[in-house]
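Below is one structure, written out as structure tokens, with a few remarks after it.
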Amino acid sequence: MATIKDVAKEAGVSVATVSRVVNKSPKASKAAIESVNAAMQKLGYRPNANARALVSKSTNTIGVMVGDVSDPFFGSLLKAVDTVAQAHQKHLLIGNGYHDATTEKEAIDLLINNRCESLVIHSKGLSDQELLQFAKEVPGLVIINRHIPEIADRCISLDNQHGANLATEHLIAQGHTKIAYINSEHDIDDSHHRKAGYQQALHAHGINFNEKYCAEAQPTDEGGEQAMIDLLSRNLPITAVVCYNDYMAAGALSALEKQEIAVPKDISLMGFDNGLIAKYLHPKLSTIDYPIQTMAKQAAELSLALVSGNSSMTKGTIFQASLIERSSVIKQESPDS
């Protein structure tokens, strides 16, 4: 990693000048600030030797960035990483990214500058190139729930397209052809891939895709309810719905109940994630199992192995989702109208 001397040489200034710029001294000229900042960015240098501490000094801390700690999905992820951390006598430092590029970058910078030698990063806002740069700088960085080919051995992800395809195939196997899809409105690969999986299943069975059967909203129960109300307002002959996640499915169920539309008698419903809520809805929700705890444990173990130089550790993995059958889906008996 670059040293302060490397920065000084690149910028064409003295080490003292670099120090003044880093410490925001009023004695640093505008020209010096610009040249030093450009040199630090080019070389990937971090002030106060925090980056070098990643290699030379352990802080017994695993840094984790998630979308939002208030989301139960990320709570499960954090719990799994913490289990690994405790087994290795380490602690967690947590940051929220909120699927926003600027916020994610700030969170990762904070984790690095606090000398986290291992990082488990759930990023949906930053570009592949930005994450590749972080991965180059931090040997112990592992990406979860995203696949970047250039660092595939440091990515733990789920085949989201296969999962949504599996959910839609299950409904088709039960005789449904008028299948709606409720998606997250977030512009992230998860929502794109899951919708693609839904479309893939329709195409495989000769069912025409119709955008009118799709609605988008925030990936929450409120969003799911809003999207279901939107779909119902279109007066479509829907017999089944695939939802982006279990919380959207819960919201869709609420909207259907308010309209006295019975699940699964009138409309069958599929979720995604197999979160805790899926088992306690009425009817119990058929869904797609997302093994986030297993994935998070593997990500944490891989991160620690990368830091220690343990090359025998299992590398990146693309997990496959599985179908969980409960009570919210039944066979479509009558022919489509």
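Each residue of the sequence shown is one higher than the last, beginning at 508 in the working numbering. Just so it is clear, CB atoms sit at the ideal spot from N, CA and C, and this is done for glycine as well.
What does the Cβ neighbour count give for T746, buried or exposed, with the cut at 16 atoms within 10 Å?
Against the sequence shown, residue 746 aligns to sequence position 239. Result: buried.
Do T794 and N781 have their C-beta atoms within less than 9 Å of each other?
Translated into positions along the sequence shown, residue 794 becomes position 287. Translated into positions along the sequence shown, residue 781 becomes position 274. Yes, the pair counts as a contact, with Cβ atoms nearer than the cut-off.
Q839 to G570, Cα distance in whole Å?
One-based indexing of the sequence shown puts residue 839 at position 332. One-based indexing of the sequence shown puts residue 570 at position 63. Rounded to the nearest angstrom, the two C-alpha atoms are 48 Å apart.
So H629 and G551 are supposed to be a Cβ contact under 8 Å. How far apart are they, rounded?
Stepping through the sequence shown from its first residue, residue 629 is reached at position 122. Stepping through the sequence shown from its first residue, residue 551 is reached at position 44. About 22 Å separates the two Cβ atoms, so there is no contact after all.
Whose CA, out of L584, C750, R661, lies closest to the CA of N672?
On the sequence shown, position 165 is the one that residue 672 refers to. Comparing Cα-Cα distances from N672 to each of L584, C750, R661, the minimum goes to C750.
If we ignore side chains and look at the alpha-carbon of each, how far apart do A556 and T510 end up?
In the sequence shown, counting from the first residue as 1, residue 556 sits at position 49. In the sequence shown, counting from the first residue as 1, residue 510 sits at position 3. Residue placement at A556 cannot be trusted, given a pLDDT of 43 that sits under 50; the coordinates are not used to answer.
Enumerate in chain order the residues of its own chain whose CB-to-CB distance from M777 is below 6 Å, with the five nearest sequence positions on each side excluded.
Taking the first residue of the sequence shown as 1, we reach residue 777 at position 270. Closer than 6 Å at Cβ, skipping near neighbours: A674, V749, S793.
From G582 to Y754, what does the alpha carbon distance come to, in whole angstroms?
Taking the sequence shown and counting its residues from 1, one reaches residue 582 at position 75. Taking the sequence shown and counting its residues from 1, one reaches residue 754 at position 247. Taking the straight line joining both Cα atoms gives about 15 Å.
In this structure, what does DSSP give as the bridge partners for E723?
Translated into the one-based positions of the sequence shown, residue 723 becomes position 216. For E723, which the question treats as bridged, DSSP gives the partners N690.
Nonlocal neighbours in the same chain, by C-beta distance under 8 Å from A759, ignoring five residues either side
Working through the sequence shown from its first residue, we reach residue 759 at position 252. Excluding positions up to five away in sequence, the list reads I689, G731, E732, A734, M735, V748, C750, L776.
Segment limits, beta strand (DSSP E) that includes V749:
For this step, residue 749 is matched to residue 242 along the sequence shown. V749 -> beta strand (DSSP E) spans 747–750.
To the nearest angstrom, how far is the alpha carbon of L617 from that of L638?
Counted from its first residue, the sequence shown places residue 617 at position 110. Counted from its first residue, the sequence shown places residue 638 at position 131. Cα to Cα, the separation comes out at about 15 Å.
Could you please give the first and the last residue of the uninterrupted alpha helix (DSSP H) stretch that includes V627?
What you label residue 627 is simply residue 120 of the sequence shown in a count that begins at 1. Careful: V627 lies outside any alpha helix (DSSP H), inside the beta strand (DSSP E) at 625–628.
For G782, does the three-state DSSP call read helix, strand or coil?
Numbered from 1 along the sequence shown, position 275 holds the residue referred to as residue 782. If DSSP states are grouped into helix, strand and coil, G782 belongs with coil.
Residues in the same chain with beta-carbon distance under 6 Å from A507, minus the five sequence neighbours each way, listed in chain order, please.
Lying before the first or after the last residue shown, residue 507 is absent from the chain, which here runs from 508 to 844.
Contact check, L809 vs V649 under 8 Å by CB: the rounded distance?
Locating residue 809 in the sequence shown gives position 302, where the first residue counts as 1. Locating residue 649 in the sequence shown gives position 142, where the first residue counts as 1. The Cβ separation is near 5 Å, so the contact holds.
Taking only the alpha-carbon atoms, compute the straight-line gap between S829 and E676 and give it to the nearest angstrom.
Within the sequence shown, residue 829 is the residue found at index 322, counting from 1. Within the sequence shown, residue 676 is the residue found at index 169, counting from 1. Cα to Cα, S829 sits roughly 12 Å from E676.
Determine the direct distance from the alpha carbon of D666 to that of R622, and round the result to whole angstroms.
By one-based count along the sequence shown, residue 622 stands at place 115. By one-based count along the sequence shown, residue 666 stands at place 159. Taking the straight line from one Cα to the other gives about 32 Å.
Residues near A539 in its chain [Cβ-Cβ closer than 8 Å; skip 5 each side]
One-based indexing of the sequence shown puts residue 539 at position 32. So the list reads A518, V520, T524, R527, V528, once near-sequence residues are dropped.
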